[in-house]
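**Q**
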Amino acid sequence: MSDIEFLNAPLVFKMLAALALLFAVLSVTLRNVFHCALALAAMFILLSGVFVLLDADFLAVVQVLIYVGAVVILMIFAIVLTEKITSETVRQTNQLLVPGFLVCVATLAGALYVLTRVPWPSGSPAAQKETIKLVGTQLLSTHLEAFEVASVLLLAALVGAVFLGKEITRR
Amino acid sequence: MIPLAHYLILGAVLFAVGMFGVLTRRNAIGILISIEIMLGAVNLNLVAFSRFVETSTLNGQVFAVFVMTVAAGEAAVGLALILALYRNTRAVFADRFNVLKW
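Protein sequence lines correspond, in order, to chains A and B. At position 47 of the first sequence the residue is numbered 47 (this note's numbering), and the sequence of numbers has no breaks. Take the position in the second sequence, starting the count at 1, then add 1000; the result is the number in this note's numbering.
#1: Do we get a CB-CB distance below 7 angstroms when we pair A:D176 with the residues of chain B?
#2: Check whether the region 1059-1078 of chain B and the region 140-154 of chain A are in contact - that is, three or more C-beta pairs closer than 8 angstroms.
#3: What is the rounded straight-line gap between the Cα of A:L27 and the Cα of A:I45?
#4: Assign B:R1026 to one of three DSSP states: helix, strand, or coil.
#5: Counting C-beta neighbours from all protein chains within 10 Å, is the total for A:Q95 16 or more, i.e. buried, or is it exposed?
#6: Less than 7 angstroms between CB atoms is the rule here; does B:V1042 satisfy it with respect to chain A?
#7: What in chain B is Cβ-close to A:R117, meaning under 8 angstroms?
#8: On the DSSP bridge assignment, give the partners of B:T1055 in chain order.
#9: Check whether the Cβ of A:F101 sits closer than 6 angstroms to any heavy atom of the ligand SAH, and report yes or no.
#10: If B:V1062 and A:Q138 are in contact, beta carbons under 8 angstroms, what's the gap, nearest whole angstrom?
#11: Would you say the region 63-79 of chain A touches the region 38-52 of chain A, given that touching needs at least three Cβ pairs under 8 angstroms?
#12: Just mark A:T131 as buried or exposed, buried being the case when its beta carbon has 16 or more other beta carbons within 10 Å.
#13: Pick out whichever of A:A157, A:A106, A:L158 and A:N32 has its Cα sitting closest to the Cα of B:V1013.
#14: Have a look at B:A1028 and B:L1085 and give me their C-alpha separation to the nearest angstrom.
#15: Using a Cβ cut-off of 8 angstroms, which residues of the region 52-80 of chain A contact any Cβ in chain B, in chain order?
#16: Thinking C-alpha only, which one of A:A111, A:A127, A:A78 and A:L134 is nearest B:A1041?
#17: So with CB distances below 9 angstroms, who are the chain A contacts of B:I1035?
#18: When the Cβ atoms of the region 15-31 of chain A are set against those of the region 1020-1038 of chain B, are three or more pairs found closer than 8 angstroms?
#19: So with CB distances below 8 angstroms, who are the chain B contacts of A:A42?
#20: Could you name the residues of chain B that A:E83 contacts, counting a contact when the two beta carbons are closer than 7 angstroms?
#21: Have a look at A:S189 and A:L97 and give me their C-alpha separation to the nearest angstrom.
#22: Looking at the secondary structure, which residues open and close the alpha helix (DSSP H) in which A:G69 lies?
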């Protein structure tokens, strides 16, 4: 918190939260999927701002790198490879519009009901100074097995994506 | 200082928005976009807990790194699947993907 003490942190949080929510709603409701992907990128940039407020600077940078730099670009490639972008006549939502909305509102109401009744720890402990150092140490000591499994998972995802994306030649 | 509950409320709202997208979108790429929103909301919760509950180990941030890893792999494989299905069915709509049924 020390570096951004000069900012009005609650105000910044409210603005980031409102904008992230706006872009999240846009990216699930816009008709054009390309615009949805761009709104998703904006939402992840704003969410990384929230991570900075939470003193998670490493994760904020990694979020922008992975999501905005890789995942959204991959989605844009998939969008331009599959369909003509503006298909105004085609329905974009299925028949579950009203039941899905009700289910989401019910889930949100349940989550908020629990959230507002649990006595969370009010005070905030001192912030960790060097998050990159500690995250790296934790990754390679306490969570070493999960780290190795994640690398195997990424390799499997790489091979699987190449295999699935390859044009299959029929005999 | 922003209390922990505000971050958790933001995470819950983002999760609900993503869930709405997953339930109502027809476009399979749109469904993947909504799933990424849900995973981002979960990451926000993990980071908030690691900031407010247990700062000495940063376990929440390490978990968030793993969630991002899985999300990246899931996006790569999911989009490759959508491309393969598009080649077979010429559609990206999830309700047209009935090739596994017989």
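Beta carbons: idealized from backbone N, C-alpha and C, even for Gly.
**A** The short version:
#1: Nothing can be reported for residue 176 of chain A, as the shown portion of chain A is limited to 1 through 171.
#2: yes
#3: Translated into the one-based positions of the first sequence, residue 27 of chain A becomes position 27. Translated into the one-based positions of the first sequence, residue 45 of chain A becomes position 45. One detail in the question is off: residue 27 of chain A reads as Ser in this sequence, not Leu. Using only the alpha carbons, I get a separation of about 14 angstroms.
#4: On the second sequence, residue 1026 of chain B is found 26 positions in, with the first residue counted as 1. B:R1026 falls in the coil class under three-state DSSP.
#5: Along the first sequence, one-based indexing puts residue 95 of chain A at 95. The residue in question, A:Q95, is exposed, as its Cβ has fewer than 16 Cβ neighbours within 10 Å.
#6: On the second sequence, position 42 is the one that residue 1042 of chain B refers to. No, B:V1042 does not count as interfacial toward chain A.
#7: Taking the first residue of the first sequence as position 1, residue 117 of chain A is located at position 117. Those within 8 angstroms of A:R117 in chain B number zero; the least Cβ separation is about 10 angstroms.
#8: Locating residue 1055 of chain B in the second sequence gives position 55, where the first residue counts as 1. DSSP lists no partner for B:T1055.
#9: Ligands in the displayed structure: none, and consequently the ligand SAH is not present.
#10: The count along the second sequence starts at 1 and reaches residue 1062 of chain B at position 62. The count along the first sequence starts at 1 and reaches residue 138 of chain A at position 138. At roughly 5 angstroms, the Cβ-Cβ gap stays under 8 angstroms, so B:V1062 and A:Q138 are in contact.
#11: yes
#12: Start at 1 with the first residue of the first sequence, and residue 131 of chain A comes out as number 131. Buried, since its Cβ has 16 or more Cβ neighbours within 10 Å.
#13: To locate residue 1013 of chain B, count along the second sequence from 1; it is residue 13. Here the closest residue by C-alpha is A:A106.
#14: Counting from 1 along the second sequence, the entry for residue 1028 of chain B is found at position 28. Counting from 1 along the second sequence, the entry for residue 1085 of chain B is found at position 85. Rounded to whole angstroms, B:A1028 to B:L1085 spans 10 angstroms at the Cα level.
#15: L53, L54, D55, A56, F58, L59, V62, Q63, I66, Y67, A70, V71, L74, M75, F77, A78 and I79
#16: By one-based count along the second sequence, residue 1041 of chain B stands at place 41. Looking at the Cα atoms, A:A111 is the closest of the given residues.
#17: Taking the second sequence and counting its residues from 1, the one referred to as residue 1035 of chain B is at position 35. Neighbours of B:I1035 on chain A: none; closest Cβ ~11 angstroms, over 9 angstroms.
#18: yes
#19: In the first sequence, residue 42 of chain A corresponds to position 42, counting from 1. Residues of chain B passing the Cβ test: none, with the nearest at roughly 12 angstroms.
#20: As a working mapping, residue 83 of chain A is identified with position 83 in the first sequence. Within 7 angstroms Cβ-Cβ: V1092.
#21: It is not possible to answer for residue 189 of chain A, since the shown part of chain A is limited to 1 through 171.
#22: Taking the first sequence and counting its residues from 1, one reaches residue 69 of chain A at position 69. It is not in any alpha helix (DSSP H) - A:G69 carries neither H nor E in the DSSP assignment.
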